[in-house]
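Chemist: Structure below; questions to follow.
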Amino acid sequence: MSGRVAFVTGAARGIGAAVALRLAREGVAVAVADREDASGIAESIEESGGRALVLRVDVSDPDAATCAVDRAAEWGGGLDFACNNAGVPGIRAEVADYPDDVFWRVQRVNLGGVFACLRAELRHMLAAGGAVVNTASGAAFAGVPSSSAYVASKHAIAGLTKTAAVEYAARGIRVNAVAPGLVRTRLVEGLADESFVAAHPAGRPAEPEEVAEAVWWLLNAPFVTGVVLPVDGGLLARVPGLS
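So this is what it looks like as structure tokens:
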């Protein structure tokens with residue numbers, strides 16, 4: 075994979091960091107983008123002999139997101155892979171009580187950020203092809219009480235992923251998504267009680283590195299596109315109410 079270039083958002087920690095490190099292990103040069111400081115991940119990549127570029131960006135700003143993708147492609151001499159992972163959870167509130175400002179903030183980050191980055195990535199991949207993986211969620215398949223903003227954004231990411239996959243399949247660009255269940259990241263700390271964890275047939279949360287393996291597979295599976303892949307320890311496969 076030497077000579078390949080990737081752009082990863084939400085790369086300062088959690089799934090994004092794990093994806094960036096997984097790509098770097100394969101010799102991919104990685105642009106690590108986050109609204110927080112991702113220099114620690116870049117340093118880890120460089121210490122292992124890889125190449126990394128740190129980009130500080132808030133993907134809810136479409137112009138900033140586009141600029142970040144453009145900078146990554148300019149730095150790497152093109153763009154082969156992308157993982158649009160940045161996201162926020164919103165707050166816990168039922169639909170009738172959900173504040174407008176929080177709802178639309180979640181959409182701007184989770185959906186708008188993926189859209190702006192994906193649009194720019196596709197433009198750079200048109201010449202030579204490429205592969206994109208968006209981060210959806212198990213919440214893209216069902217309703218989750220008191221999480222309307224997050225659930226709506228993840229359903230939308232699934233639809234966007236499938237539409238882009240259909241539009242660009244004949245042009246050598248594949249677009250897929252991962253749909254993690256509970257993952258051991260800062261985003262979900264304190265949000266899940268023991269009963270929720272126990273609902274996973276695996277009996278534990280996923281590690282970010284396990285989700286990164288699924289991302290890596292999707293980036294390299296040559297005839298897979300338009301897939302929203304659950305990475306959830308069997309949660310969606312379980313029949314409700316059965317232990």
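Here the working numbering runs 74 ahead of the position in the sequence shown, where the first position is 1. Virtual Cβ for every residue (Gly too), placed ideally from N, Cα, C.
Between which two residues does the beta strand (DSSP E) containing I165 stretch?
Modeler: That residue, I165, is in no beta strand (DSSP E); it is neither H nor E in DSSP.
Chemist: Does the separation of the CB atoms of V206 and A244 fall below 7 Å?
Modeler: Not in contact: V206 and A244 (Cβ atoms no closer than 7 Å).
Chemist: Is it buried or exposed for L200, if we count other Cβ within 10 angstroms and need 16 for buried?
Modeler: Exposed.
Chemist: Restricting to Cα atoms, I'd like to know which of S227, R278, L127, L303 is closest to A286.
Modeler: Comparing Cα positions, the closest option is L303.
Chemist: Please go through the same chain and pick out, in chain order, the residues whose beta-carbon is closer than 8 Å to the beta-carbon of L192, but skip the five residues on each side of it.
Modeler: Only A156, N158, V206, N208, L234, A238, V249 meet the Cβ criterion.
Chemist: A288: buried (16+ other C-beta within 10 angstroms of its C-beta) or exposed?
Modeler: Answer is buried; the Cβ neighbour count reaches 16.
Chemist: What residue range is occupied by the uninterrupted alpha helix (DSSP H) comprising D137?
Modeler: 136-150 is the span of the alpha helix (DSSP H), which, as asked, contains D137.
Chemist: Just the Cα atoms here: how many angstroms apart are L293 and R145?
Modeler: When rounded, the distance between both Cα atoms is 21 Å.
Chemist: Measure the CB-CB distance between K228 and A214 and report whether it falls below 7 Å.
Modeler: Result yes, Cβ atoms of K228 and A214 sit closer than 7 Å.
Chemist: According to the neighbour-count rule (16 or more other Cβ atoms, all chains shown, within 10 Å of its Cβ), is S76 buried or exposed?
Modeler: It counts as exposed.
Chemist: For A103, which residues in the same chain have their Cβ closer than 6 Å to its Cβ, ignoring the five residues on either side in sequence?
Modeler: Answer for A103: V79, R125, G150, listed in chain order.
Chemist: Excluding five sequence neighbours on each side, which residues of the same chain lie with their C-beta closer than 6 Å to the C-beta of G277?
Modeler: Around G277: no qualifying Cβ.
Chemist: So, with DSSP's three-state summary, where would you put R109?
Modeler: The answer is coil: DSSP assigns R109 none of H, G, I, E or B.
Chemist: Pick helix, strand or coil for P282, following the three-state DSSP scheme.
Modeler: P282: helix per DSSP, three-state reduction.
Chemist: Y224 and V271 look like a contact to me (Cβ under 8 Å); what is the Cβ gap, rounded to whole Å?
Modeler: Actually they are not in contact, since the Cβ atoms of Y224 and V271 sit about 18 Å apart, beyond 8 Å.
Chemist: What are the boundary residues of the alpha helix (DSSP H) that includes G204?
Modeler: Taken as a continuous stretch (DSSP letters only), G204 belongs to no alpha helix (DSSP H), being part of the beta strand (DSSP E) at 204-209.
Chemist: Please go through the region 165-252 and give each complete beta strand (DSSP E) segment of 3 or more residues, from N-terminal end onward.
Modeler: Listed in chain order, they are 204-209.
Chemist: Let's see if you can read the secondary structure: which residues bound the alpha helix (DSSP H) around R130?
Modeler: Note, R130: premise wrong, no alpha helix (DSSP H); beta strand (DSSP E) at 126-130.
Chemist: Cα separation between I165 and D175?
Modeler: For I165 and D175, the distance between alpha carbons rounds to 11 Å.
Chemist: Under the three-state reduction of DSSP, which class applies to A92: helix, strand or coil?
Modeler: Helix.
Chemist: Using only CA atoms, which one of F81, A170, L95, G90 lies nearest to W222?
Modeler: A small correction: the amino acid at residue 222 is Ser; Trp does not occupy that position in the sequence shown. With distances taken between Cα atoms, S222 lies closest to A170.
Chemist: Among all the DSSP beta bridges, which residues are the ones paired with N158?
Modeler: DSSP, once it has assigned bridges, lists N208 as partnering N158.
Chemist: What are the start and end residues of the beta strand (DSSP E) that includes P304?
Modeler: Start and end: 302-305.
Chemist: Starting from the C-beta of D194, find all residues in its chain whose C-beta is less than 6 Å away, skip the five residues before and the five after it, and write them out in chain order.
Modeler: The sequence as given places Ala at residue 194; Asp does not occur at that position. Result list for A194: T140, V143, in chain order.
Chemist: Could you round the C-beta distance between A280 and S211 to whole angstroms and report it? I think they count as a contact, below 8 Å.
Modeler: 12 Å between Cβ atoms; not a contact.
Chemist: In its own chain, which residues sit with a C-beta less than 7 Å from the C-beta of S118, not counting the 5 before and 5 after it?
Modeler: For S118, where only same-chain residues beyond five positions count, the Cβ hits under 7 Å are L95.
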